[in-house]
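Accompanying notes for the structure given below.
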Amino acid sequence: MDNRDRFLGELFSLLRIPSVSAKPEHKPDMERCAERLAALLAEAGADHVEVSPSDGNPVVFASKSVDPSLKTVLVYGHYDVQPPEPLEKWDSDPFEPVVRKDPGGRDAIYARGANDDKGQLFMHIKAFEYLVRSGKLRHNVKFIFEGEEEIGSPSLPKWVREHKALLKSDVVLVSDTTMISEKVPSINCGMRGLAYLEVTVTGPDKDLHSGHYGGAVANPIQTLCDIISSLIDKDGRVTVPGFYDDVVSLSRKDRAELSRAPFDRKEFMASVGVRALRGEKGYTPLERIGIRPCLDVCGIWGGYTGEGAKTVLPSTAHAKISMRLVPNQDSARITRLFKKHILRIAPKYCTVEVKECEGGEGFLIPISSPAFQAASKAMEEVYGITPVPSRGGGSIAVLAAMQKILGVDPLLMGFGLERDTIHSPNESYLLSQFYAGMESIVKFYEYYD
Numbered sequence: 021m022d023n024r025d026r027f028l029g030e031l032f033s034l035l036r037i038p039s040v041s042a043k044p045e046h047k048p049d050m051e052r053c054a055e056r057l058a059a060l061l062a063e064a065g066a067d068h069v070e071v072s073p074s075d076g077n078p079v080v081f082a083s084k085s086v087d088p089s090l091k092t093v094l095v096y097g098h099y100d101v102q103p104p105e106p107l108e109k110w111d112s113d114p115f116e117p118v119v120r121k122d123p124g125g126r127d128a129i130y131a132r133g134a135n136d137d138k139g140q141l142f143m144h145i146k147a148f149e150y151l152v153r154s155g156k157l158r159h160n161v162k163f164i165f166e167g168e169e170e171i172g173s174p175s176l177p178k179w180v181r182e183h184k185a186l187l188k189s190d191v192v193l194v195s196d197t198t199m200i201s202e203k204v205p206s207i208n209c210g211m212r213g214l215a216y217l218e219v220t221v222t223g224p225d226k227d228l229h230s231g232h233y234g235g236a237v238a239n240p241i242q243t244l245c246d247i248i249s250s251l252i253d254k255d256g257r258v259t260v261p262g263f264y265d266d267v268v269s270l271s272r273k274d275r276a277e278l279s280r281a282p283f284d285r286k287e288f289m290a291s292v293g294v295r296a297l298r299g300e301k302g303y304t305p306l307e308r309i310g311i312r313p314c315l316d317v318c319g320i321w322g323g324y325t326g327e328g329a330k331t332v333l334p335s336t337a338h339a340k341i342s343m344r345l346v347p348n349q350d351s352a353r354i355t356r357l358f359k360k361h362i363l364r365i366a367p368k369y370c371t372v373e374v375k376e377c378e379g380g381e382g383f384l385i386p387i388s389s390p391a392f393q394a395a396s397k398a399m400e401e402v403y404g405i406t407p408v409p410s411r412g413g414g415s416i417a418v419l420a421a422m423q424k425i426l427g428v429d430p431l432l433m434g435f436g437l438e439r440d441t442i443h444s445p446n447e448s449y450l451l452s453q454f455y456a457g458m459e460s461i462v463k464f465y466e467y468y469d
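Numbering (the numbering used here), first residue to last: 21 to 469.
Given below as structure tokens:
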């Protein structure tokens with residue numbers, strides 16, 4: 021119990037640092053968090069630790085060499101977190117971590133970053149510490165923790181290319197994903213890519229009185245809504261020409277393998293508070309999340325949104341749009357197709373600007389690999405059931421870049437759950453998953469040959 025209390029104390033010291041990469045004012049916090057991670061890695065037993073500058077936030081690198089003839093595991097994680105807003109939706113301070121009962125009566129850590137990704141990367145530090153102090157470490161281990169994943173990792177690919185020799189390894193071990201459930205563990209064998217853009221529609225050159233001009237001048241908000249509504253057809257398919265050109269359809273055998281994952285539609289709907297599901301026709305909800313691309317509006321704004329009434333016809337309207345992509349879809353190409361389509365369908369009574377925000381590729385890994393098999397054995401021993409191969413709906417775009425630069429496959433051994441509400445208020449991480457994750461990671465090293 022002493023170690024458990026110490027582990028939580030050390031993790032809480034990370035969670036208290038508001039390392040929000042999306043906000044420039046948190047730059048000092050990014051540096052402070054990187055330094056804290058470096059200290060924890062040194063205390064855990066790393067031989068070499070450094071906080072390395074990049075074009076953006078610092079990269080934390082650490083390593084311990086046991087024997088050059090042994091396999092090398094490169095652990096990847098990120099210490100930046102999503103903005104905590106809306107703050108009023110949190111039941112406690114997002115940067116003052118607490119352990120309390122969740123709605124199911126289970127103990128969980130509540131804080132921004134509790135799961136994504138400070139809680140999960142911390143498991144690797146503690147698993148490593150155990151292996152070092154017990155004399156059971158029989159792999160060379162390297163760590164690379166970045167501070168820009170939540171904004172698309174703009175600086176890391178360059179840093180990886182410049183330090184390619186330093187990062188030489190046999191597998192990139194990652195815990196930044198979710199499992200199907202506590203009772204049905206899973207290992208992601210692939211993730212989707214991302215193309216993220218911001219669309220701005222401009223009508224009049226200034227805000228207008230809606231009584232004097234309404235009905236004669238087109239409203240940019242309404243125009244933007246019309247454009248957005250045309251991007252998905254009645255069958256749930258994206259209407260951008262060429263969007264599906266490079267999408268590979270899975271065979272019946274592959275779809276059957278993925279369908280092994282249990283799915284309770286009513287439970288799924290209840291977990292997110294909806295009464296019905298919607299998506300691309302001909303695919304199950306899990307397939308829509310894992311093996312099919314999609315388009316979503318992540319934010320939309322314009323005009324007056326304050327308290328009370330202001331009769332204004334706004335000059336501009338804006339929307340942020342994400343497209344989750346499957347392997348073989350190139351994010352740069354999809355971005356070009358989207359921009360071309362939006363500009364083509366824009367009506368004459370407005371101007372449209374499309375700004376590129378971030379993008380990255382999806383990837384797949386073979387489930388026959390020694391690393392995947394070792395992770396499967398480890399999690400089966402801890403959870404008592406063979407984990408199911410799954411496809412992640414989210415994106416860690418930098419992993420595809422690292423895979424290409426280093427020539428090494430990532431292994432996505434994640435322990436988060438959908439109930440953890442990452443990126444949302446009241447992010448949390450079950451203590452049972454936190455401890456089971458550490459145990460599984462230790463056993464991975466035991467089985468990985």
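A virtual CB, placed ideally from N, CA and C, is assigned to each residue, including glycine.
The structure displayed is predicted, hence computed values, not measured ones.
In its chain, beyond the 5 residues on either side, 223, 367, 369, 370 have a beta carbon closer than 8 Å to the beta carbon of residue 238. If you check the CB distance, residue 464 and residue 453 do not come in under 7 Å.
In terms of Cβ geometry, residue 101 and residue 154 do not form a close pair [threshold 7 Å].
Excluding residues up to 5 positions away in sequence, 109, 110 lie with their Cβ nearer than 6 Å to the Cβ of residue 445 in the same chain.
Scanning the stretch 196–235 for uninterrupted alpha helix (DSSP H) segments of 4 residues or longer gives 230–233, listed from N- to C-terminal end. Between residue 213 and residue 380, the C-beta gap is smaller than 7 Å, which places the two residues in contact. Between residue 83 and the set 68, 156, 271, the nearest pair of CA atoms involves 68.
Around the beta carbon of residue 344, a 10 Å sphere encloses 16 or more other beta carbons of the protein chains shown; the residue is thus reported as buried. Within the model, the alpha-carbon separation for residue 72 versus residue 61 is close to 14 Å. Taking a cut-off of 8 Å for Cβ pairs, the stretch 333–340 and the stretch 227–243 touch, as three or more such pairs fall below it. Shown here, residue 323 sits in coil according to DSSP, grouped into three states, outside any helix or strand. Separation of residue 75 and residue 148 (C-alpha to C-alpha, rounded to the nearest whole angstrom) is 29 Å. Ranked by Cα distance from residue 430, the options 438, 420, 437, 439 are led by 420.
The stretch 320–327 and the stretch 300–308 do not touch, with fewer than three beta-carbon pairs separated by less than 8 Å. The beta carbon of residue 418 sits closer than 6 Å to the beta carbons of 173, 176 from its chain, once the five residues preceding and following it are set aside; these are given in chain order. Taken atom to atom, the span from the alpha-carbon of residue 362 to that of residue 378 is near 18 Å. The straight-line gap separating the alpha-carbon atoms of residue 132 and residue 29 is approximately 16 Å.
For residue 345, there is no enclosing alpha helix (DSSP H); the residue is part of the beta strand (DSSP E) that begins and ends at 336–345. With fewer than 16 other beta carbons inside 10 angstroms of its own, residue 44 counts as exposed. Pairing residue 196 with residue 416 gives a Cβ-Cβ distance under 7 Å. The beta-carbon distance between residue 200 and residue 396, rounded to whole angstroms, is 14 Å. This is too long to meet the 8 Å contact definition. Cβ-Cβ distances below 7 Å link residue 112 to 118, 130 in the same chain, with the five nearest sequence neighbours on each side left out; the list follows chain order. In this model, residue 183 and residue 85 are separated by some 17 Å (Cα to Cα). A residue is called buried once 16 or more other Cβ atoms fall within 10 Å of its Cβ, and residue 348, having fewer, is exposed. For a cut-off of 8 Å, the C-beta gap from residue 317 to residue 341 is around 6 Å, short enough to register as a contact. For residue 152, the CB contacts under 8 Å within the same chain, skipping 5 residues up- and downstream, are 64, 65, 84 in chain order. In this structure, residue 134 places its C-beta atom within 7 Å of the C-beta atom of residue 447. Distances from the alpha-carbon of residue 27 to those of 260, 143, 164, 207 put 143 closest. In the assembly as shown, residue 296 is an exposed residue. Its beta-carbon has fewer than 16 other beta-carbons within 10 Å. DSSP places residue 457 in the helix class (H, G or I) of the three-state scheme.
In this structure, residue 422 keeps its C-beta atom at 7 Å or more from the C-beta atom of residue 204. Here residue 280 has 408 as same chain residues with Cβ atoms under 7 Å from its own Cβ, once five neighbours each way along the sequence are excluded. A Cβ-Cβ separation of about 21 Å leaves residue 54 out of contact with residue 93 under the 8 Å criterion. Annotation for residue 139: no beta strand (DSSP E) segment contains it, though the alpha helix (DSSP H) segment containing it runs 138–153.
Distance check between residue 319 and each of 218, 406, 246, 227 places 218 closest, using alpha-carbon atoms only. One Cα belongs to residue 414, the other to residue 211, and the distance between them is close to 6 Å.
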